[in-house]
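Student: Attaching a single structure in structure tokens format; questions to follow.
Next comes the structure, spelled out in structure tokens:
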């Protein structure tokens, strides 16, 4: 996101702080769904609930990102049989922007409309890639890729944020937490990963990259 848009959205919004696991109100049929958000700090996720009542994660949002504006642009008055939610996965700082302010910006700033189209296109592409990888990759490859993608350098070592529990990783990968647990145990045994109070530590990033690129193996005994 360009800094000029970030400053503009900040000036239009109301700064709020939310705890983790808060559902942002983006339901099409809810009278309160008349705003969008600028994610300033923290991590949010676009989620849905399967027919079995299990949460699945489609997309993670990292700052700075404008989120929750799709429902403001969609056609109203027609059925939308599947509801999606945006959940704060960590403590988050956001700017709540009213629909009236958002609409005014769209009507008077063509460059902002271009920015919105690019954001929608990026979201669409990221979801497509995610589903392609879920169908095409093994759980081992998918987990290796996810760990590399979300890890941040902390005190000189790549560290996966603490909120990425085995259950959370499984929600994104579309697999069972037990499968994730077995893969993680094997990776720790090989010395690829370790764990401390900061979260999961990637000790051998190159080994994970080799798995992602198809040049490495990690056999599980089922």
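In our numbering, the protein residues as written are 25 to 246.
The beta carbon of each residue, even a glycine, is placed where N, CA and C say it ideally should be.
The model shown is predicted, which means the values in this text are computed figures rather than measured ones.
Helix, strand or coil for residue 61 per DSSP?
Tutor: Note: residue 61 maps to strand in three-state DSSP.
Student: Have a look at 81, 176, 99 and 192 and flag the residue whose alpha-carbon is nearest the alpha-carbon of residue 69.
Tutor: Looking at the Cα atoms, 81 is the closest of the given residues.
Student: Can you give me the Cβ contacts of residue 114 inside the same chain, cut-off strictly under 6 Å, excluding the 5 residues immediately before and after it?
Tutor: Hits under 6 Å: 44, 66, 67 and 187.
Student: From the DSSP secondary-structure annotation, give me the bridge partner or partners of residue 80.
Tutor: 72.
Student: If you drop the 5 nearest sequence neighbours on each side, which residues of the same chain put their C-beta closer than 6 Å to that of residue 38?
Tutor: 120.
Student: Cutting at 7 Å between CB atoms, please list the residues of its own chain near residue 217, excluding the five before and the five after it.
Tutor: So the list reads 208, 211, 224, 225, 226 and 227, once near-sequence residues are dropped.
Student: For residue 63, which option in 72, 31 and 77 has the closest C-alpha, if you only look at C-alpha atoms?
Tutor: Measuring from the Cα of residue 63, the nearest candidate turns out to be 31.
Student: Going by other Cβ atoms of all chains shown within 10 Å of its Cβ, with 16 needed for buried, is residue 168 buried or exposed?
Tutor: Buried, since its Cβ has 16 or more Cβ neighbours within 10 Å.
Student: To the nearest whole angstrom, what separates the beta carbons of residue 257 and residue 122, a pair I think is in contact under 8 Å?
Tutor: Because the chain in this structure spans residues 25 to 246, residue 257 falls outside the shown range and cannot be described.
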